[in-house]
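Protein chains: 2
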Amino acid sequence: MANPAASLDAVLSHVDANIDASLERLFTLLRIASISTDPAYAGECLKAAEWLTNELKGLDFDAAVRPTAGHPMVVGHQRAADRNLLFYGHYDVQPVDPLELWTSEPFEPRIAEEDGRKVILARGASDDKGQLMTFIEACRAYKAVRGALPVGVSVLLEGEEESGSPSLDAFLTANAEELKSDIALICDTDMWDTRTPSIITMLRGLVAENVTIAAASRDLHSGMYGGAARNPNQVLAEIIASLRNPDGSVAVEGFYDDVEELPETVAEQWKRLPFDDKAYLGGVGLSEPAGEAGRSVLEQITSRPTCEINGMWGGYTGEGFKTVIPAKASAKISFRLVASQDPHKIRAAFRKHVEARVPADCTVTFHEHGASPASVVPADGPLLQKALGALSDEWGREAAVAGSGGSIPIVGDFKRKLGMDSLLIGFAQTDDRIHSPNEKYNLESYHRGIRSWVRVLDALAG
Amino acid sequence: MANPAASLDAVLSHVDANIDASLERLFTLLRIASISTDPAYAGECLKAAEWLTNELKGLDFDAAVRPTAGHPMVVGHQRAADRNLLFYGHYDVQPVDPLELWTSEPFEPRIAEEDGRKVILARGASDDKGQLMTFIEACRAYKAVRGALPVGVSVLLEGEEESGSPSLDAFLTANAEELKSDIALICDTDMWDTRTPSIITMLRGLVAENVTIAAASRDLHSGMYGGAARNPNQVLAEIIASLRNPDGSVAVEGFYDDVEELPETVAEQWKRLPFDDKAYLGGVGLSEPAGEAGRSVLEQITSRPTCEINGMWGGYTGEGFKTVIPAKASAKISFRLVASQDPHKIRAAFRKHVEARVPADCTVTFHEHGASPASVVPADGPLLQKALGALSDEWGREAAVAGSGGSIPIVGDFKRKLGMDSLLIGFAQTDDRIHSPNEKYNLESYHRGIRSWVRVLDALAG
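What follows is the structure, given as structure tokens:
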């Protein structure tokens with residue numbers, strides 16, 4: 001049946017004709033609750049890895065579930081003599097709480113209508129199962145129509161991206177020769193807007209810390225101890241308050257030492273990009289940028305570092321009221337890094353900042369959750385230009401070269417460990433509610449994402 | 001069998017001979033999970049009320065479960081022509097979380113050995129089921145030995161004390177004539193120490209508030225919005241930090257306007273009382289008073305007002321890490337009041353303080369949980385002196401007249417609505433872990449508490 005000389009259009013037509021089956025396969029993957037941060041879901045993570053491995057084997061990849069100290073990797077190869085690409089995605093997803101805010105079960109995917117568009121609703125629909133499946137389905141179309149891929153492809157799918165990738169470093173080191181390719185393709189980023197595709201060349205790094213302040217040896221009754229006993233909630237709040245200056249900047253000493261201003265050319269390009277501060281914030285019910293005074297929203301979310309309190313808790317948080325002074329209080333605090341900020345130096349400065357503010361009778365403990373520097377991909381490589389052309393062809397408008405506020409540490413890892421640049425090509429939208437209730441992926445992102453990869457593989461083969 | 005002329009010693013001996021049966025009845029009450037703050041336990045609250053009503057009926061009280069808008073009251077009467085006393089206690093208990101810190105089931109009471117003493121371990125063992133049962137068992141001993149109580153007694157048992165007593169005000173107003181007695185007896189306080197009984201004459205008031213700061217319309221990904229989006233965790237932490245001055249005093253404007261210094265006589269008496277700051281704090285792993293600078297621990301926990309963060313929560317608080325910017329963050333904040341501080345004025349000043357610190361794009365909502373002023377009982381009444389004598393007889397050392405940092409709003413309610421003073425007589429210990437995991441009541445408190453009430457009823461009858 002397969003015709004090795006079939007045209008690119010024939011492959012694209014196959015994608016269109018089989019989109020329902022492609023969607024059904026994505027739904028099967030979305031039904032697996034592969035939450036990597038919660039040990040209770042380890043079995044589901046393994047199940048997702050095994051399912052993906054079988055899919056790859058079905059497409060003639062030499063694929064296997066590869067154990068790590070944590071959740072396994074999935075690796076598959078279909079090498080060519082000349083050019084080889086390494087595709088990276090992750091099959092793990094974020095936790096789903098608060099569950100009561102979901103309009104349907106997070107792991108029971110469904111198609112819904114939203115603002116006149118069809119969307120796929122499920123945890124992981126966008127981040128990253130929907131995205132990674134666009135690539136696998138593009139490979140499937142080539143296999144069905146031509147019987148072969150146009151270029152050598154390896155696939156690496158991680159199961160711990162949402163929990164700081166603790167096993168990745170060792171895995172890349174141990175399998176560097178096997179994984180090294182001409183370039184990496186990563187599908188975990190947004191389009192510029194719903195109509196403009198983009199390739200991300202600038203990513204923020206991340207340092208994440210869990211901080212616990214402890215005081216008394218047990219919870220106390222505020223009637224009996226209130227006033228005299230140190231309250232960890234109060235202490236933690238004061239420490240958190242101390243992390244930001246009144247002008248919105250981060251108050252940790254030395255935090256901005258290695259932060260650089262945008263190159264003039266990039267700054268100029270950004271002024272031309274269609275980005276509406278009011279619309280971006282307005283889309284989530286906000287109106288004013290809350291970060292560093294004098295910086296645009298685009299700078300605040302991509303080229304400037306920041307500090308966010310991702311979670312905090314202490315004492316009684318249930319129904320009604322309990323007049324307790326808790327024995328401890330905790331916070332999850334993360335820093336987004338840019339340019340050459342060193343995550344280890346930032347972590348040390350943060351801990352020093354906190355330790356200097358822990359009062360008598362309190363102790364502080366830290367627990368680290370990953371550290372990655374920011375990374376920048378050269379914007380002038382020939383493969384990048386070819387990929388931009390393919391995306392522009394598919395979407396009918398010029399693809400953007402952009403920065404992203406999120407952290408995808410593997411870009412830096414690929415560069416340092418495998419000497420390999422990455423092309424960050426994704427079809428998510430800023431309103432996909434990733435990490436939040438009712439995560440969605442536009443059906444158009446899925447369908448045209450598959451078509452986009454068909455074109456990109458063709459372009460990169462040339 | 002009963003002999004109306006039996007001696008006081010005969011009644012006390014009956015208590016001793018039947019202590020195991022008294023304990024078994026307390027265990028039955030402790031097995032009822034009457035948590036008033038959580039609507040899920042409404043059925044258990046009713047069950048406790050019905051059980052107590054039946055116990056009172058068995059002692060010839062004219063008793064009934066009396067409905068309110070919330071959990072019911074239990075009222076029983078056994079009036080006399082001359083002197084009548086009103087006993088008050090509460091059958092509801094605090095929630096039990098964190099459950100994992102309990103060494104046994106909170107509602108499966110058991111006797112354990114602790115520091116060489118026998119203790120009753122269960123939620124409510126001390127606060128207030130163990131305490132209220134000391135009175136009921138004293139009545140039972142009189143009934144068994146003499147066939148009658150020595151003095152007229154009414155009993156009022158509340159089911160909402162731990163959730164701010166929302167129905168109490170209306171109930172007292174509606175039943176003022178029925179409940180009015182010569183004096184109220186309240187068993188919900190501590191002894192001075194394990195060997196020294198006390199009557200509390202000074203109680204702090206309470207204002208409790210639930211505060212929620214909301215910003216974006218949904219949880220956001222800190223990679224996409226971090227820096228530009230207002231983070232309610234950060235805002236709430238800054239507001240909490242602003243509530244205290246560096247010297248430990250409360251920073252709400254006008255907070256100290258109606259606070260008075262201790263009368264010279266009381267201040268002198270307190271200096272003579274055996275109170276060891278180091279030992280009091282050391283018992284819970286602390287070493288330094290954390291409240292207003294220059295005030296003793298005894299002042300900080302009884303005669304000075306304070307502000308405590310009883311709970312705070314926002315964002316992701318589970319296993320692992322989630323780089324979210326939450327849509328909202330909340331705190332449960334309470335103020336202990338003294339002297340003539342007006343709870344409504346303090347609440348208004350607190351809300352004004354918070355509202356003045358809510359930044360752009362944030363909203364604040366308040367939910368109130370009870371308000372009660374501080375109360376002071378005259379220390380020179382003849383009934384107080386008789387009760388002190390009875391307690392001194394039982395414990396073999398002079399009973400103390402003391403203040404308490406906790407809030408028992410009903411003392412003020414009895415005074416204002418029924419024109420009735422209260423005698424606060426309790427047998428709890430400061431290390432009873434009330435409101436905390438592994439709450440306990442010393443077996444000696446239970447046994448000698450019953451004996452103490454036998455003596456107090458005898459003394460007040462005279």
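Here the protein sequences line up with chains D and L, keeping their order. FYI, full-length UniProt numbering numbers position 165 of the first sequence as 165, with every residue one higher than the one before it. FYI, full-length UniProt numbering numbers position 74 of the second sequence as 74, with every residue one higher than the one before it. By construction, the Cβ of each residue, glycine as well, lies at the ideal position given by its N, Cα and C atoms. On a predicted model such as this, the values are computed, not experimentally measured, just so you know.
Could you name the residues of chain L that T37 of chain D contacts, counting a contact when the two beta carbons are closer than 8 Å? G318, E319, G320, F321 and K322
Assuming D62 of chain D is part of the beta strand (DSSP E), what are its boundary residues? D62 to R66
Decide if A5 of chain D is buried, meaning its Cβ has at least 16 other Cβ atoms within 10 Å, or exposed. exposed
Does T365 of chain L get closer than 8 Å to chain D when you measure Cβ to Cβ? no
State buried or exposed for L262 of chain L, treating a residue as buried only when at least 16 other CB atoms are found within 10 Å of its CB. buried
Determine which residues of the region 401-417 of chain D have a Cβ less than 8 Å from any Cβ of chain L, and write them out in chain order. S404, G405, G406 and S407
Residues near residue 516 of chain L in its chain [Cβ-Cβ closer than 6 Å; skip 5 each side]: With chain L covering only 1 through 462, there is no way to say anything about residue 516 of chain L.
To which residues does DSSP link Q341 of chain L through a beta bridge? Answer is none; Q341 of chain L lacks a bridge partner.
Tell me whether the region 403-411 of chain L and the region 300-316 of chain L touch, counting them as touching only if at least three CB pairs, one residue from each stretch, are closer than 8 Å. yes
For L460 of chain L and L383 of chain L, I'd like the C-alpha separation in whole angstroms. 6 Å
What are the boundary residues of the alpha helix (DSSP H) that includes S404 of chain L? Taken as a continuous stretch (DSSP letters only), S404 of chain L belongs to no alpha helix (DSSP H), being part of the beta strand (DSSP E) at A400 to S404.
Going by CA-CA distance only, name the one from D:I333, D:Q78, D:L29 and D:E444 that's closest to G152 of chain D. D:Q78
Select from L:F427, L:R25, L:V211 and L:D413 the residue whose C-alpha is nearest the C-alpha of F321 of chain D. L:V211
Are the beta-carbon atoms belonging to T323 of chain L and G227 of chain L less than 8 Å from one another? no
Residue-level contact to chain L via CB, W313 of chain D, 8 Å cutoff: yes
Quick one: does Y88 of chain D have its CB under 8 Å from some CB of chain L? no
By the criterion of Cβ-Cβ separation under 8 Å, what are the contact partners of V284 of chain D in chain L? A216, S217, R218, L220, Y225 and A229
Report the residue ranges of all alpha helix (DSSP H) runs contained in full by the region 227-262 of chain D; include only those spanning at least 4 residues, in chain order. 232-241
Going by beta carbon distance, what residues of the same chain come within less than 6 Å of N231 of chain D, once the five residues before and after it are set aside? I325
Does any C-beta atom of chain L lie closer than 8 Å to the C-beta of K332 of chain D? yes
Mind pulling the chain D residues with CB within less than 9 Å of G159 of chain L? Under the 9 Å cutoff, chain D gives no residues; its nearest Cβ is about 13 Å from G159 of chain L.
In this structure, what does DSSP give as the bridge partners for H90 of chain L? L:E158
Report the residue from L:K352, L:V411, L:G381 and L:E24 whose alpha carbon sits nearest the alpha carbon of P373 of chain L. L:V411
With a threshold of 8 Å between beta carbons, is H369 of chain L in contact with chain D? yes
Since L121 of chain D meets chain L, which of its residues come closer than 7 Å, beta carbon to beta carbon? Ordered by position in chain L, no residue passes the 7 Å Cβ test against L121 of chain D, which lies about 14 Å from the chain.
Would you give the residue range spanned by the alpha helix (DSSP H) that Q385 of chain D belongs to? P382 to W395
Measure from the alpha carbon of A80 of chain D to the alpha carbon of each residue in D:A348, D:V284 and D:S181, then state which is nearest. D:S181
Selected residue, minimal CA-CA separation from A369 of chain D, among D:F335, D:T189 and D:W270: Looking at the sequence provided, one finds His at residue 369 of chain D rather than Ala. Ranking the options by Cα distance to H369 of chain D, first place goes to D:F335.
If we call anything under 8 Å between Cβ atoms a contact, is L85 of chain D one with I200 of chain D? no
Would you identify the three-state DSSP class for C307 of chain L, choosing helix, strand or coil? strand
Would you say V297 of chain L lies against chain D (beta-carbon separation less than 8 Å)? yes
Counting Cβ pairs, one atom from each stretch, are 3 or more of them under 8 Å apart for the region 187-198 of chain D and the region 264-281 of chain L? no
Just to check my reading of the structure: V145 of chain D and N310 of chain D have Cβ atoms closer than 8 Å, yes? What is that Cβ distance to the nearest angstrom? With a Cβ gap of about 45 Å, V145 of chain D and N310 of chain D do not count as contacting.
In whole angstroms, give me the CA-to-CA distance for W102 of chain L and I213 of chain D. 21 Å
Does A62 of chain D have its Cβ less than 8 Å from a Cβ in chain L? Per the sequence presented here, residue 62 of chain D reads as Asp, with Ala not at that position. No, no contact with chain L.
Spatially closest choice to L337 of chain D from D:R140, D:G449 and D:V207, by CA coordinates: D:V207
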